[in-house]
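Residue numbers (the numbering used here): 20 to 249.
The next block holds one structure in the form of C-alpha cells; read it before the comments.
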Ligand code: BJW
C-alpha cells in the first residue's frame with residue numbers, strides 16, 4: 020500500500036461542529052444552492068453570497084480539528100509511502116490537524132480570489148461585496164470557493180495521483196458531487212483497493228470494495244492504526 024489517496028467531505032468535520040450539506044437540517048436545507056453556490060447566484064446578489072461565506076468562515080475558525088483529522092496527519096507522518104489528502108471541505112481543519120500533503124479541490128473559506136486577475140490573498144474575517152483586489156485594485160474580490168459549474172482545483176495532479184494509487188479511501192462524503200464522486204472509479208481503473216468510511220453508504224457506495232461504518236472520529240483512527248500495523 021505505498022500510494023494512498025484519501026478523499027474527504029463534510030462528514031469528517033461534522034464532529035468538529037460544522038454542518039454538512041445534505042443532512043435533513045444541513046446547509047442545503049437552510050439555503051438555496053443556486054443562490055449561494057453558483058457564479059450566477061453571486062452575480063445576482065453578491066452580498067447574500069459573501070455573507071453566507073462570512074458566517075461559514077467564522078464557524079470554521081471556531082471549530083477545532085477532531086480525532087479523524089489528526090489520525091490522517093499521523094498516517095501521513097508514519098506511512099512509508101505517499102499519502103495525499105484531497106478535501107472537498109473549505110475549512111482548514113486538515114492543515115490545522117497536521118496534514119501537509121493536501122489539496123483543497125473546492126477552495127478555502129479563508130482565502131479570497133480576484134475575479135479580474137486571479138490573485139489570491141488571505142480573506143479578512145468579514146469580506147464585503149465589492150472589496151478591491153490588493154494586486155489590481157479592481158472591485159472584484161470573491162470568496163475563493165469552487166461553485167457549481169466551475170472547475171475544481173488541481174484536477175491534473177489529482178487524476179495523476181489517482182492513476183498511481185494502491186489504496187483509495189473516501190471519508191464522510193455523500194458521493195453526489197462530481198468530479199469527486201468519480202474518483203473511486205478512477206482509482207479502481209488504476210487497480211487500487213477502495214474503502215468507504217461513512218455513517219451510511221454513499222450514492223457511489225456500491226463501487227467500493229470495502230465499507231467501514233460509523234462516526235469518523237472513531238472509525239478513522241482505528242482504520243489508520245490497522246493500516247500502520249499492516
Ligand atoms: C459522516 C459523519 C460522521 C456525516 N462521520 N461520516 C450531472 C452528472 C455529473 C455531473 C454533473 C451533472 N450536472 C452537473 C454536474 C457537475 C456538478 C455536479 O456534480 N452536480 C451534481 C449536483 C450532479 N459539479 C460541478 O459543477 C463541479 N465542477 C465541475 O464538474 O467542473 C467540470 C469538470 C469536468 C470534468 C472534470 C472536472 C471538472 C463543481 C462542484 C462544486 C461543489 N461546490 C460545493 C459548494 C462550495 C463549497 C462550500 O461552500 O463549502 O462543495 S457543493 C457542496 O457539495 C460542497 C461540498 O464540497 C460538496 C460535496 O458535499 P459532501 O462533502 O459530500 O457533503 P454532504 O453533506 O453531501 O455529505 C456528507 C456525508 O458525510 C454524508 O454521506 C454523511 O453520511 C456523512 N457523515 N456525519 C462520517 N460523523
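Virtual Cβ for every residue (Gly too), placed ideally from N, Cα, C.
The model shown is predicted, which means the values in this text are computed figures rather than measured ones.
- The residue among 224, 31, 120 with its C-alpha nearest the C-alpha of residue 176 is 120.
- Shown here, residue 162 sits in a strand according to DSSP, grouped into three states.
- Taking C-alpha positions only, residue 88 is separated from residue 116 by approximately 6 Å.
- In this chain, residue 169 is not harboured by any beta strand (DSSP E), its DSSP state being neither H nor E.
- Under the three-state reduction of DSSP output, residue 109 falls in the coil class, being neither helix nor strand.
- Listed as beta-bridge partners of residue 130 by DSSP are 141.
- Taken through DSSP and simplified to helix, strand or coil, residue 50 comes out as coil.
- DSSP places residue 212 inside the beta strand (DSSP E), whose first and last residues are 212-217.
- With fewer than three CB-CB distances shorter than 8 Å, the stretch 124-133 does not count as touching the stretch 49-66.
- Short note on residue 245: C-beta not closer than 6 Å to any heavy atom of the ligand BJW.
- Going by DSSP, residue 73 is part of the alpha helix (DSSP H) stretching over 65-81.
- Around the beta-carbon of residue 30, 16 or more other beta-carbon atoms lie within 10 Å, marking it buried.
- Inter-segment contact for the stretch 213-233 and the stretch 56-64 is absent: fewer than three beta-carbon pairs are separated by less than 8 Å.
- DSSP, reduced to helix, strand and coil, places residue 91 within a helical segment of the structure shown.
- By the Cβ-count criterion, residue 191 is buried, with 16 or more other Cβ atoms from all chains shown falling within 10 Å of its own Cβ.
- Remark: the shortest separation between the CB of residue 23 and any heavy atom of the ligand BJW does not fall under 6 Å.
- When beta bridges are read from the DSSP output, residue 104 appears opposite 25, 121.
- Each residue's CA atom was taken as its position, placing residue 215 and residue 227 some 6 Å apart.
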